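What follows is the structure, given as structure tokens:
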């Protein structure tokens, strides 16, 4: 079951990015998975739930999977078409020589996280009219001229 390995990598990536953003936990993960990866949607869901069960950071999180159908272009006649995993002949000329355009992807399309509430009392108001150090350096160079 390679879906467990896939989900382990996905969840590690999601957790890393979410923690960098200061998130308290992950709420939802959305994936786009190509049919030609041979990953099974139900197995991905099962792996996600099993891994989330042992990780408080994903407690209550959901997984949304969009399966991407294969799309190819015939290298003989240039016809683009969608197909399934097993029928890979050009419907126009019958050629078996195809280039796969879509259907092999595996990407995290989005994540939803729970961010901590900002405390208004502890934040300092931004100073107006005081540019960055780079702006100040440029201003001081102009003053010298």
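Residue numbers (the numbering used here): 153 to 297. Cβ coordinates follow ideal geometry from the N, Cα and C atoms, glycine included. Because the structure is a prediction, the values reported are computed rather than measured.
DSSP has residue i in a bridge; who is on the other side?
i, result
"residue 180", "214, 264"
"residue 223", "234, 254"
"residue 259", "184"
For residue i and residue j, what's the separation of their Cα atoms in angstroms?
i, j, result
"residue 269", "residue 173", "13 Å"
"residue 177", "residue 208", "8 Å"
"residue 263", "residue 200", "14 Å"
"residue 171", "residue 198", "24 Å"
Output needed for residue i: all residues of its chain with C-beta closer than 8 Å, excluding positions within five of it in sequence on either side, in chain order.
i, result
"residue 227", "247, 249, 250, 251"
"residue 220", "184, 185, 186, 187, 254, 255, 257"
"residue 245", "226, 228, 229, 231"
"residue 196", "155, 158, 159, 183, 185, 215, 217"
"residue 193", "185, 217, 219"
"residue 167", "178, 207, 209, 210"
Where does residue i land, buried or exposed, given buried means 16+ other C-beta within 10 angstroms?
i, result
"residue 242", "buried"
"residue 235", "buried"
"residue 202", "exposed"
"residue 165", "exposed"
"residue 155", "buried"
"residue 238", "exposed"
Rounded C-beta distance between residue i and residue j? I'm assuming under 8 Å.
i, j, result
"residue 230", "residue 186", "So it is not a contact: roughly 22 Å between Cβ atoms."
"residue 258", "residue 160", "Not really, about 13 Å apart at Cβ, beyond 8 Å."
"residue 266", "residue 175", "6 Å"
"residue 215", "residue 169", "Actually they do not touch by this definition, with Cβ atoms about 16 Å apart."
"residue 224", "residue 240", "7 Å"
Given residue i, which residues of its chain have a CB within under 6 Å of its CB, disregarding the five upstream and five downstream residues?
i, result
"residue 204", "210, 213"
"residue 206", "none"
"residue 163", "203"
"residue 233", "243"
Would you say residue i faces chain C, with C-beta separation under 7 Å as the test?
i, result
"residue 166", "Given the protein chain composition of this structure (a single chain), no chain C is represented."
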